[in-house]
Amino acid sequence: MTELLRALAVLAEPPGPEAERIARVLGLRWSPSRADYTNLFQLELPPYASVYLGDEGQLGGEARDRVAGFWRAVGLVPPSEADHLAALLGLYAAVAETDPSAENAVSDTASQSGAGSGEPGVRHRVQRAVLWEHVLSWVSVYAEKAMEIAPAPYRRWAALLDEALVAEAQRLPSEGLVPLHLRVAGPLADPREEGLEPFLASLLAPVRSGIVLTRADLVRAARELGLGLRVGERRFTLRALFAQDAVAMLGWLASEAESWGARHRRHGDALASVGDVWAERAERAVSLLRELAETTTKEVVGV
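What the sequence shown shows, in the working numbering, is residues 289 to 591, in sequence order.
Shown next as structure tokens:
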């Protein structure tokens, strides 16, 4: 299974001869264009843990620092993009193949990330920590969205990735412990207390809202609600949609959050320790968004 994950990691890199060779081995019909790659991995779903696990919903920040710190804890120099999906899958595969005689000085980090001291060995604990703390904490959510919006060549890739990670989760269960990334994440901001801009920012931070909102989603919102679309970075577009009809947007977002609440639990017990946390975030967002839709005024949403 680790070889499959390593292969899938290569397919998250720009298309090239190596990716084509691996796709043939995996039996994938693989013909993504450079535009397909750019649309998915650069415009819609950047494959970085920090985007999905950080309170800012952006590249870098404390979430990336936590990932880089784990690389150092296992005796490796973190790459410049330590939280990139391909890098993390490669790290997981490398840990799984580590010579037990080379294991050292990582048990504290493994324990903090959710592996108990009663496990059969350091490698086993570290492997579980990488899987649950830095991969499953967000990649299942990422794969779910990719299966929805990715260009055709990448949809099967996302499905294979999801299937492989669920299999690894069943092989190395979490013991019910919640990843630190999810434990420290802030809640969705209430615009009545914090203002419009923090509210919009938190809506675009998946770990706070429980929702993954892409550019394509905002285009869909404008179309479904009959609103004018102002193209730009996501917060600009979201702000413009709220300015036109805040109540309609709150209702639309509540429906999105409700859908995500169910989607986060789609793997049942296999991913319960992360899926339940994500689902609870989405469900809290539903409550707040519906309350705002019922009581909102221009003063509340600031537009």
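Every residue, glycine too, gets a C-beta built ideally from N, C-alpha and C. Computed from a prediction, not measured in an experiment: that's the story for all the values here.
Cβ contact annotation for Gln458 (same chain, cutoff 8 angstroms, sequence separation greater than five): Ala558, in chain order. Relative to Glu385, the option among Gln415, Gln330 and Ala375 whose CA is nearest is Gln415. Taking the C-beta atoms as reference points, Ala473 is found nearer than 8 angstroms to Val495. With fewer than 16 other Cβ atoms from the protein chains shown falling within 10 Å of its own Cβ, Phe524 counts as exposed. If you draw a straight line from the Cα of Leu377 to the Cα of Thr583, it is about 45 angstroms long. Distance between Pro334 and Tyr325, taken at the CA atoms: about 10 angstroms. The secondary-structure analysis by DSSP pairs Tyr336 across a beta bridge with His372. Residue state for Leu541 is assigned as helix, using DSSP reduced to three classes.
Secondary structure note for Trp359: its alpha helix (DSSP H) is the uninterrupted segment Gly349 to Ala361.
The beta carbon of Ala370 sits closer than 6 angstroms to the beta carbons of Val355, Ala356 and Trp359 from its chain, once the five residues preceding and following it are set aside; these are given in chain order.
Gly563: member of the alpha helix (DSSP H) spanning Ala560 to Thr583, first to last residue. Under the three-state reduction of DSSP output, Val427 falls in the helix class. Using a Cβ distance threshold of 8 angstroms, Val423 and Leu453 count as a contacting pair. Annotated three-state conformation of Trp420 is helix, per DSSP. A direct Cα-to-Cα measurement between Tyr380 and Met537 gives close to 40 angstroms.
When secondary structure is reduced to three states using DSSP, Ser490 falls in the helix class. By the Cβ criterion, the region 487-505 is in contact with the region 330-344, since at least three pairs of Cβ atoms, one from each stretch, lie closer than 8 angstroms.
Taking the Cα positions, Gln330 is about 13 angstroms away from Ala504. The continuous alpha helix (DSSP H) containing Ala504 extends over residues Arg503 to Leu513. Residue Leu506 holds the alpha-carbon nearest to the alpha-carbon of Glu544 among Leu506, Arg309 and Thr290. The beta carbon of Glu332 sits closer than 7 angstroms to those of Ile437, Thr502, Arg503 and Ala504, all from its chain and outside the five residues before and after it, given in chain order. The C-beta distance from Val313 to Glu306 rounds to 11 angstroms, too long to fall under 8 angstroms, and the pair is not in contact.
From the listed residues Ala542, Val565 and Arg443, the smallest Cα separation to Glu579 is found for Ala542.
Excluding five sequence positions before and after Ala446, the CB atoms of its chain that fall closer than 7 angstroms to its own CB belong to Ala431, Ala434, Met435 and Ala438, given in chain order. Boundaries of the alpha helix (DSSP H) harbouring His469: Leu468 to Arg471, taken from the DSSP string. Check the Cα spacing between Gly363 and each of Leu292, Asn327 and Arg411: the tightest is with Arg411.
Going by DSSP, Ala300 is part of no alpha helix (DSSP H) at all; its letter is neither H nor E.
Ala351 counts as buried, since no fewer than 16 other beta carbons sit within 10 angstroms of its beta carbon. Cβ neighbours of Glu456 within its own chain (closer than 7 angstroms, five residues either side excluded): Met289 and Leu419. Here Ser321 carries a coil assignment [DSSP, helix/strand/coil]. In the DSSP assignment, Gln532 falls within the alpha helix (DSSP H) that extends over Arg522 to Gln532. Per DSSP, Leu449 is one residue of the alpha helix (DSSP H) stretching across Ala440 to Arg459.
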